[in-house]
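Residues in the sequence shown are numbered consecutively from 389, following this note's numbering.
Following: one structure in structure tokens, then a few remarks.
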Amino acid sequence: MGRGKIEIKKIENDTNRQVTYSKRRTGIVKKARELTVLCDAQVSLIMFSCTGKLSEYVSPSTTKKKVYEMYQKTSEVDLWNSEYERMQKELKNHKETNMKLRKEIGLRIGEGLDDLSFDELRGLEQDLDESVKAVRDRKYHTISTQTETYRKKIRNLQETHTHLVREFEARGEYPYYEGDYEAIMAMTNGRAHLLSYGLQLGQPDLQDGDGYAFNNLRLS
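Okay, structure coming up:
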């Protein structure tokens, strides 16, 4: 007794659908091999599962490229024309973007200014002012962060020394390196004063125009 006729429709169960695909894919590839051997046919087979997994087969006597070229020649259909046009359009857009960026960079270093109108020059000036302000803000932030880091290191050294001195005093001992420590701390404090002095020299007027106040950066 023959098998009943199977209704051809989408298999809703994911697992059953994958199992059926795997079995039938194997059968199709087997048939492609048989056609290649028995009939000396040139076969190119490409399949994608519902999950996007690729399966393919090409007769050993040919290549995918040769099969596609034969298809184009026989059917008079250009498979690559639309893709080529898309790539040409994309290349043109990239070239235009590149030229625009090169022009903007040139303007920012003073090239091609003769061709700009007064309004364009004023707009460029505003853009440059904003760029300078962003760089200045970042510089001041870096100075502030580094200064705070140095202050914490010095404070930690002072706390460590105080703790050690208290331990010696609790034992009734006296640290013999006290003179050396005082010299070291004097040197450290001297560096802190130099850092504060250097900040004042590097930015003599931190309160003008930009609204930055760095009076609290003193380490002493």
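Positions of the beta carbon are idealized from the N, C-alpha and C atoms, including for glycine.
Taking a cut-off of 8 angstroms on C-beta distances, the stretch 472-487 does not touch the stretch 435-450, as fewer than three cross pairs fall below it. Distance from the CA of M458 to the CA of L433, rounded to the nearest whole angstrom, comes to 15 angstroms. Contiguous alpha helix (DSSP H) elements confined to the stretch 466-515 occur at 469-496, taking only those with 4 or more residues. Below 8 angstroms, enough C-beta pairs join the stretch 412-422 and the stretch 435-446 to call them touching: three or more. Counting along the chain, the unbroken beta strand (DSSP E) around I434 starts and ends at 432-436. Residue pairing by DSSP puts E444 in a beta bridge opposite I434. Counting along the chain, the unbroken alpha helix (DSSP H) around E422 starts and ends at 402-427. With a beta-carbon spacing of about 7 angstroms, L509 and L501 fall inside the 8 angstroms limit used to define contacts. Nearest to T403 by alpha-carbon distance, out of K483, R421, T439, is T439.
Contact annotation: R405 and I396 have beta-carbon atoms that are not nearer than 8 angstroms. Between the alpha carbons of V407 and K453 lies a gap of roughly 31 angstroms. Across the structure, V431 and W468 are spaced so that their CA atoms are roughly 20 angstroms apart.
For the options K477, A429, K441, Q514, the alpha carbon positioned closest to that of V455 is the one of A429.
Per DSSP, E395 is not a residue of any alpha helix (DSSP H), being assigned neither H nor E.
If you check the CB distance, L512 and L504 come in under 8 angstroms. The continuous stretches of alpha helix (DSSP H) do not include T450, and DSSP gives it neither H nor E.
Take E478, set aside five residues on each side of it, and no residue of its chain has a beta-carbon closer than 6 angstroms to its own. Spatial neighbours of A420 in its own chain (CB-CB distance under 6 angstroms, excluding positions within 5 residues in sequence) are listed in chain order as V431, L433, Y445. In this structure, DSSP gives E464 a state outside helix and strand, which the three-state scheme calls coil.
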